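Chains as they are written, first to last, in our numbering: chain C, 1 to 331; chain P, 1001 to 1164.
For each residue, glycine too, the CB sits at the ideal point set by N, CA and C.
Here the structure is a predicted model, which means the values were calculated and not measured.
Only one structure is covered here, and it is reproduced in the block below.
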Amino acid sequence: MHLPRFTYKKSDSLEETAQLLSRYDTGACLMAGGTELLPRMKYGLAMPEVLISMKRSPVSSPKIGSDGDLVLSPLMTLRAVEGSSLVRENAPLLSEAVGLVGSGEIRHMGTLGGNLCQETRCLYYNQSHSFQFKKPCFKRGGDICYSIPKGKECWAVFMGDIAPALYSLEAKVKIMSRDKTRIIPIEGLYRGDGKKPLILSPHEIIGEIFIPGSNGLRGSAFSKFSFRGGLEFAVLSVAAVLDMEDDGETCRSARITVGAVAAAPVRARCAEAGIEGKNISDRSLSEAVRQALDEIRPVPHHGQTSGFLKESLKVQIRHALSVAAGRVKKD
Amino acid sequence: MKKKQGRQLIELAVNGEAYELAEEPQVTLLEVLRNDLELTGTKESCGTGECGACTVLIDGEPVLSCLTLALDCRDLDILTIEGLAKGGDLTHVQEIFLERGAVQCGFCTPGVVLATTALLKATSRPTDYEIKKALEGHLCRCTGYNKIVEAIDKVLTDGYLVNE
Ligand SMILES: Cc1cc2nc3c(=O)[nH]c(=O)nc-3n(C[C@H](O)[C@H](O)[C@H](O)COP(=O)(O)OP(=O)(O)OC[C@H]3O[C@@H](n4cnc5c(N)ncnc54)[C@H](O)[C@@H]3O)c2cc1C
Ligand code: SF4
Ligand code: FES
Ligand code: FES
């Protein structure tokens, strides 16, 4: 499979990339690891005039900022995140999630920023459309959806593994363009629209990722369900964080985020509120699972029905919560 | 802006030999290896990151050559399957793969052997889990994977060090 033609620019810093993006207007696109962009270009789903490669750009190391946040460069490869002891000590949930992305090769090439900025996916959309007799779907500029034919909109699903983990860690991202930077909660990065999942304009990029430190007892777990268990996107994923009172038994605050069930990760807010202030027990965890199933409606995707996804969700949330509870300790 | 960029000069080393090439931006490392250097040991199957057949080692690390732009390979050291055997002598990993039936049609083999070689250089005693994790990105439609893992176990019980 061949790539379409483009003009190649190399950039050695995020600032330089922001400059170039504003110079080339909407025709340019940043490439970090290329593991998401290049397949999309081969399929004809992305056609940048100018590709700005940051493949060989220097990457700043993870550090703890003055306010105690763990600060990560979006250019870090997933492998580098996986191997970082600073990340493992301060955000073990992220280390766990990163280790489950794609394959060793994908993790070695793919970056954090690229993972967060990946497109939504569906069985029809993610293929070459050059020899096909079907009319384009909503996401390709048409007016039909092949995934949910009765639907009047695009139902493509966001399948990235890192965003759910960052939701549960209450991370923030710095968004930068040539002239402006702003810091927003990670949840603000996603629009919840399958057709256009990210809020970023063509001139904007992620400049940094901030993960607040936890001061107290915490247990976390990332649970990813897939059929092969490797080189595979999640059928669904759950990222759970339990922050505990000093007694180690009462939950002070909980964050449960589910991935690959909608166009953006989804927080199970009622379930979270339900366990807060309670003792962690079989009973309270089962109650949280029940509440999560009430509030989350998985979008059927990749041949899985919503009924099957609900059953899987039940198992995965319960698993993530039990593992998180078993890991409660001073992070 | 509409005019597309032409070829650019790059220098890279493949299997210890230096090359100077002129490539267009859209050319992948896989295309350079197979079409320009005629090193057809590196295979293309999916072209989109989903099979591992195109794996080569860049600075010792397994990389998918189908998702690597040639222009991003300036001054890099690339090892393909052709670069493993020295003077016709297969490496121990290659020998054991043959002996144990871990090679059948052979299409996935270059990628699997290179990923295995990188694993054994980085980790002298990988567990079964670590072996499977290192090979999770490699699809094999023939061996059922067990023969591959068994071959690697044999390499380990032989106590062979993979340093060349
Ligand atoms: C076979 C296969 C399996 C995969 N499995 C998984 C999986 O299990 N889980 C998962 O989450 N992902 C998976 N992926 C998707 C992808 O490889 C990873 O998400 C990877 O982390 C993407 O990073 P990248 O640097 O390669 O992205 P790129 O391809 O370089 O970029 C992807 C997109 O993000 C944009 N981008 C990159 N960096 C930034 C930035 N700093 N600011 C703004 N925009 C940016 C690019 O412009 C581009 O649009 C898989 C991919 C393949 C091919
Ligand atoms: S879900 Fe979106 S991308 Fe998939 S067929 Fe429907 S409109 Fe197209
Ligand atoms: S050809 Fe590169 S991963 Fe399949
Ligand atoms: S030996 Fe045939 S694909 Fe692996």
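Own chain residues within Cβ distance below 7 Å of residue i, not counting five before or after
i, result
"LEU1047(P)", "Note that residue 1047(P) corresponds to Gly in the displayed sequence, not to Leu. Closer than 7 Å at the Cβ level, and outside the excluded window around GLY1047(P), lie CYS1066."
"GLU1023(P)", "ARG1007, GLN1008, ILE1010, VAL1032, ALA1070 and LEU1071"
"GLY274(C)", "GLU287, ALA288 and GLN291"
"GLY1016(P)", "GLY1083"
"ASP12(C)", "SER57 and PRO58"
"LEU231(C)", "GLY102 and SER103"
"GLU245(C)", "ARG252"
"LEU293(C)", "LYS310, LEU313 and LYS314"
"TYR108(C)", "Note that residue 108(C) corresponds to His in the displayed sequence, not to Tyr. Around HIS108(C): THR77 and ARG79."
"GLY248(C)", "LEU217 and VAL328"
For residue j and residue i, believed in contact at Cβ under 8 Å, the rounded distance
i, j, result
"ARG56(C)", "LYS9(C)", "With a Cβ gap of about 12 Å, ARG56(C) and LYS9(C) do not count as contacting."
"CYS1108(P)", "CYS1140(P)", "4 Å"
"GLY188(C)", "ILE199(C)", "7 Å"
"ILE1148(P)", "LEU1156(P)", "ILE1148(P) to LEU1156(P), Cβ: 13 Å. No contact."
"LEU21(C)", "ALA28(C)", "5 Å"
"LEU75(C)", "ALA32(C)", "6 Å"
"ALA1118(P)", "GLY1159(P)", "Contact doesn't hold; Cβ gap of about 19 Å is too wide."
"ARG5(C)", "GLN1094(P)", "The pair is not a contact, with the Cβ atoms about 38 Å apart (cut-off 8 Å)."
"ALA1115(P)", "HIS1138(P)", "6 Å"
"VAL266(C)", "LEU236(C)", "Wrong, their Cβ atoms sit about 10 Å apart, outside the cutoff."
"GLY1041(P)", "ILE1081(P)", "4 Å"
"LEU70(C)", "GLY213(C)", "7 Å"
Below-9 Å beta-carbon distance, residue i vs any chain D residue
i, result
"PRO92(C)", "In the displayed structure, chain D is absent; the protein chains listed are C and P."
Residue i CB to nearest heavy atom of ligand 4 below 8 Å
i, result
"THR1055(P)", "no"
"GLY1052(P)", "no"
"VAL1112(P)", "yes"
"THR1116(P)", "no"
"GLY1137(P)", "no"
"PHE1107(P)", "yes"
"GLN1005(P)", "no"
"GLN1008(P)", "no"
Residue i: contacting residues in chain P (beta-carbon distance under 9 Å)
i, result
"GLU170(C)", "Under the 9 Å cutoff, chain P gives no residues; its nearest Cβ is about 29 Å from GLU170(C)."
Any non-hydrogen atom of ligand 2 within 8 Å of residue i CB
i, result
"ARG1141(P)", "no"
"PHE138(C)", "yes"
"LYS42(C)", "no"
"TYR190(C)", "no"
"SER128(C)", "no"
heavy atom of ligand 3 below 8 Å from residue i C-beta
i, result
"LYS1043(P)", "yes"
"CYS1066(P)", "yes"
"GLY1047(P)", "yes"
"LEU94(C)", "no"
beta-carbon residue i near ligand 5 non-hydrogen atom, thresh 8 Å
i, result
"CYS1142(P)", "Because ligand 5 does not appear in the structure shown, any question about it cannot be addressed here, the ligands present being ligand 1, ligand 2, ligand 3 and ligand 4."
Those residues which DSSP pairs with residue i across a bridge
i, result
"ASN279(C)", "THR250(C)"
"CYS29(C)", "LEU51(C)"
"GLY1144(P)", "Partner(s): none; GLY1144(P) has no beta bridge."
"MET244(C)", "LEU217(C) and CYS251(C)"
"VAL323(C)", "In DSSP, VAL323(C) forms no bridge with anything."
"ILE183(C)", "LYS174(C)"
"ALA1022(P)", "LEU1009(P)"
Residue i CB to nearest heavy atom of ligand 1 below 8 Å
i, result
"ASP1075(P)", "no"
"GLN118(C)", "yes"
"VAL261(C)", "no"
Sequence-distant residues of its chain with Cβ nearer than 8 Å to residue i (five each side left out)
i, result
"SER306(C)", "ARG297, PRO298, VAL299 and PRO300"
"THR1028(P)", "SER1065, CYS1066, LEU1067, THR1068, LEU1069 and ALA1070"
"GLY104(C)", "ARG79"
"GLU276(C)", "CYS251, ARG252, SER253 and ALA254"
Listed by chain order, chain C residues near residue i by CB distance under 8 Å
i, result
"VAL1063(P)", "GLU105, HIS108 and MET109"
"THR1055(P)", "GLU105"
Contacts of residue i in chain C (Cβ-Cβ under 9 Å)
i, result
"THR1028(P)", "HIS2, LEU3 and LEU38"
"LYS1043(P)", "Residues of chain C passing the Cβ test: none, with the nearest at roughly 13 Å."
Chain P contact residues for residue i, given Cβ-Cβ distances below 7 Å
i, result
"ARG56(C)", "ASP1072"
"GLY78(C)", "Note that residue 78(C) is Leu in the sequence shown, not Gly. Per Cβ cutoff of 7 Å: no residues; LEU78(C) is ~12 Å from chain P at best."
"THR35(C)", "GLY1049 and LEU1067"
Cβ-based neighbour list, residue i, same chain, cut-off 6 Å, excluding 5 preceding and 5 following
i, result
"THR7(C)", "VAL50"
"VAL238(C)", "SER223, VAL258, GLN316, ILE317 and ALA320"
"ILE106(C)", "THR35"
"SER177(C)", "ALA18, HIS203 and GLU204"
"ASN1163(P)", "In this prediction, ASN1163(P) has a pLDDT of 48, which is less than 50 and means its spatial position is unreliable; what the coordinates show is noted afterwards. Here the set comprises nothing."
"ALA264(C)", "PHE158, TYR190 and GLY192"
"VAL323(C)", "ALA221"
"GLY1049(P)", "LEU1064 and LEU1067"
Neighbour list for residue i in chain C, Cβ cutoff strictly below 7 Å
i, result
"GLU1136(P)", "SER103, GLY104, GLY230 and LEU231"
"LYS1004(P)", "ARG5 and THR7"
"GLY1047(P)", "MET1 and LYS42"
"THR970(P)", "Outside the shown range of chain P (1001 to 1164) lies residue 970(P), about which nothing can therefore be said."
Beta-carbon neighbours of residue i, restricted to chain P and to distances below 8 Å
i, result
"SER53(C)", "LEU1069, LEU1071 and ASP1072"
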